[in-house]
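>
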Amino acid sequence: MITSGGVIVAGSFWDPANNIYSLPEKGNVVTTFNKHGFTWGGNAWKSSNDYMHFSYLGR
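Per full-length UniProt numbering, the very first residue in the sequence shown carries number 1; after that it's consecutive.
(1) If I follow the unbroken alpha helix (DSSP H) through F33, where does it start and stop?
(2) For Y56 and K46, I'd like the C-alpha separation in whole angstroms.
(3) Between the alpha carbons of G6 and K35, how many angstroms are there, rounded?
(4) Looking at the strands, I want to know which residues DSSP matches up with T39.
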């Protein structure tokens, strides 16, 4: 998200308990992508989280 002042607020709206558009870590979407060789940005990197992205690693 980018605020009206131009500040990037990464991950500020990830709240699967209250937001139907947030992907839960143990939910069907993340689990299915993982089974097919994708890594989810919500837990792929230690430096930051990118909850809406998946990367194909070709497992």
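Even glycine gets a Cβ: it sits at the ideal position worked out from N, Cα and C.
On the basis of the data shown:
(1) That run of the alpha helix (DSSP H) goes 28–35.
(2) In a straight line, the C-alpha of Y56 is about 18 angstroms away from that of K46.
(3) Rounded to whole angstroms, the separation of the alpha carbons of K35 and G6 is 37 angstroms.
(4) Answer by DSSP bridge pairing, in chain order: S55.
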